[in-house]
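In terms of this note's numbering, the sequence shown opens at residue 41 and continues consecutively. Everything below concerns the one structure shown next.
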Amino acid sequence: MPEHSSYQTRYLKSVLRHKRLVTAARILLAVFFFILWETAAQLEWIDSFFFSSPSRIGKTFLGMLEDGSLFLHVGTTLAETLVSFALVVLLGLLTAVILWLLPAVSQVLEPYLVILNSLPKSALAPLLIVWLGANVRTIVVAGVSVAIFGTVLNLYTGFQETDPEKLKLIYTLHGNKWDALVKVVIPSTIPMIISILKVNIGLCLVGVIIGEFIGARQGLGYLIIYGSQVFKLDWVILSIVILCLIAMGLYALISRLEKSYARKS
41 MPEHSSYQTR YLKSVLRHKR LVTAARILLA VFFFILWETA AQLEWIDSFF FSSPSRIGKT
101 FLGMLEDGSL FLHVGTTLAE TLVSFALVVL LGLLTAVILW LLPAVSQVLE PYLVILNSLP
161 KSALAPLLIV WLGANVRTIV VAGVSVAIFG TVLNLYTGFQ ETDPEKLKLI YTLHGNKWDA
221 LVKVVIPSTI PMIISILKVN IGLCLVGVII GEFIGARQGL GYLIIYGSQV FKLDWVILSI
281 VILCLIAMGL YALISRLEKS YARKS
């Protein structure tokens, strides 16, 4: 027993050491990239007007922080992304449930969902502006449109792959289809649902930025377009860096939720 415990302790230590090494390597890679970028700009290997530099981005960040514009743009994009994400989760889950409960409806709608999912969503953005106007509603709809069809298809596919023996047991015990959905289908697909959420949070962010490119007066997408038009490329690159940080943060939150569920299950 003590020998087994010793092996387990060494294994856990090796896993922890590996995680720390991976984290350190990631940080060092990022630091090396920014140092190389700054060095190239200072030595004029690259034109800092077009490619900017970490120091210029830092000055731009502090300037926008002081005048409050950074909070406005980041807050707008983040709020639109979270609203789009919430709508995708609710509408996607509700639609997938309806398709599973009503097989005839799913047989009719499935090819249309596949077509809509394959359609480049950027092609819809100009139409959304015409139909809905240049407002927040249009941007939220653009964010939803990027993720909703794939969400419905993936959830419906996951529901169909539920263990048939468990479903047979529910029906044997005189349960109905709703009992099978609530007690077997949805609980068994929760890990898959969380994995879909991890993908969707990034897709919603992409959709919101597409909407902001065309119909916004504030937000990081607007800042990117406006900055490129007036050659304020520091704004453009700062916005891209912030978008990367937002995407990482939102993904990390969903990953934490996934780990929390895995520990409880």
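Each residue gets a CB set at the ideal place from its N, CA and C atoms; glycine is no exception. Note that this is a predicted model, so its numbers are computed, not measured.
Just how far apart, CA to CA, sit residue i and residue j?
{"i": "Leu273", "j": "Ala256", "result": "19 Å"}
{"i": "Phe91", "j": "Leu260", "result": "18 Å"}
{"i": "Met41", "j": "Ile188", "result": "Low local confidence applies: a pLDDT of 46 at Met41 is under 50, so the model's placement there is unreliable, and no value is given."}
{"i": "Arg296", "j": "Leu290", "result": "10 Å"}
{"i": "Glu242", "j": "Glu84", "result": "In the sequence on display, residue 242 carries Gly and not Glu. Taking the straight line from one Cα to the other gives about 35 Å."}
{"i": "Glu120", "j": "Val129", "result": "14 Å"}
{"i": "Trp77", "j": "Leu68", "result": "14 Å"}
{"i": "Val270", "j": "Asp203", "result": "58 Å"}
{"i": "Tyr301", "j": "Ser268", "result": "43 Å"}
{"i": "Lys206", "j": "Leu193", "result": "22 Å"}
{"i": "Gln48", "j": "Ser54", "result": "10 Å"}
{"i": "Lys304", "j": "Glu298", "result": "10 Å"}
{"i": "Val154", "j": "Met232", "result": "19 Å"}
{"i": "Ser46", "j": "Ser162", "result": "57 Å"}
{"i": "Ser146", "j": "Val225", "result": "17 Å"}
{"i": "Asn29", "j": "Lys59", "result": "Here the chain has residues from 41 to 305 only, and residue 29 is not among them."}
{"i": "Glu106", "j": "Leu134", "result": "44 Å"}
{"i": "Met288", "j": "Leu167", "result": "30 Å"}
{"i": "Ala64", "j": "Gly103", "result": "31 Å"}
{"i": "Tyr211", "j": "Leu142", "result": "17 Å"}
{"i": "Pro151", "j": "Leu213", "result": "35 Å"}
Taking residue i and residue j to be in contact with their CB atoms under 8 Å, please state how far apart those CB atoms are, rounded to whole angstroms.
{"i": "Ile250", "j": "Ala165", "result": "5 Å"}
{"i": "Val186", "j": "Gly247", "result": "3 Å"}
{"i": "Leu112", "j": "Gln258", "result": "6 Å"}
{"i": "Val184", "j": "Leu127", "result": "5 Å"}
Please say whether residue j and residue i have beta carbons closer to each other than 8 Å?
{"i": "Ile97", "j": "Ile236", "result": "no"}
{"i": "Ile234", "j": "Val114", "result": "no"}
{"i": "Leu263", "j": "Ser279", "result": "yes"}
{"i": "Leu209", "j": "Trp140", "result": "no"}
{"i": "Gly108", "j": "Asn157", "result": "no"}
{"i": "Leu245", "j": "Ile179", "result": "no"}
{"i": "Thr100", "j": "Trp218", "result": "no"}
{"i": "Ala144", "j": "Tyr196", "result": "no"}
{"i": "Ile254", "j": "Ile138", "result": "no"}
{"i": "Phe74", "j": "Pro94", "result": "yes"}
Just tell me which of the options has its CA closest to the CA of residue i.
{"i": "Glu201", "options": "Pro227, Asn216, Thr178, Val180", "result": "Pro227"}
{"i": "Arg177", "options": "Thr117, Leu133, Lys223, Gly215", "result": "Thr117"}
{"i": "Val181", "options": "Val123, Tyr211, Gly215, Leu153", "result": "Val123"}
{"i": "Glu252", "options": "Gln147, Gly173, Thr212", "result": "Gly173"}
{"i": "Phe125", "options": "Val239, Val225, Ile265, Phe89", "result": "Val239"}
{"i": "Phe199", "options": "Leu61, Lys223, Lys59", "result": "Lys223"}
Strictly under 8 Å for the Cβ-Cβ distance: is residue i near chain D by that measure?
{"i": "Val129", "result": "In summary, chain D is missing from the structure at hand, where a single protein chain is found."}
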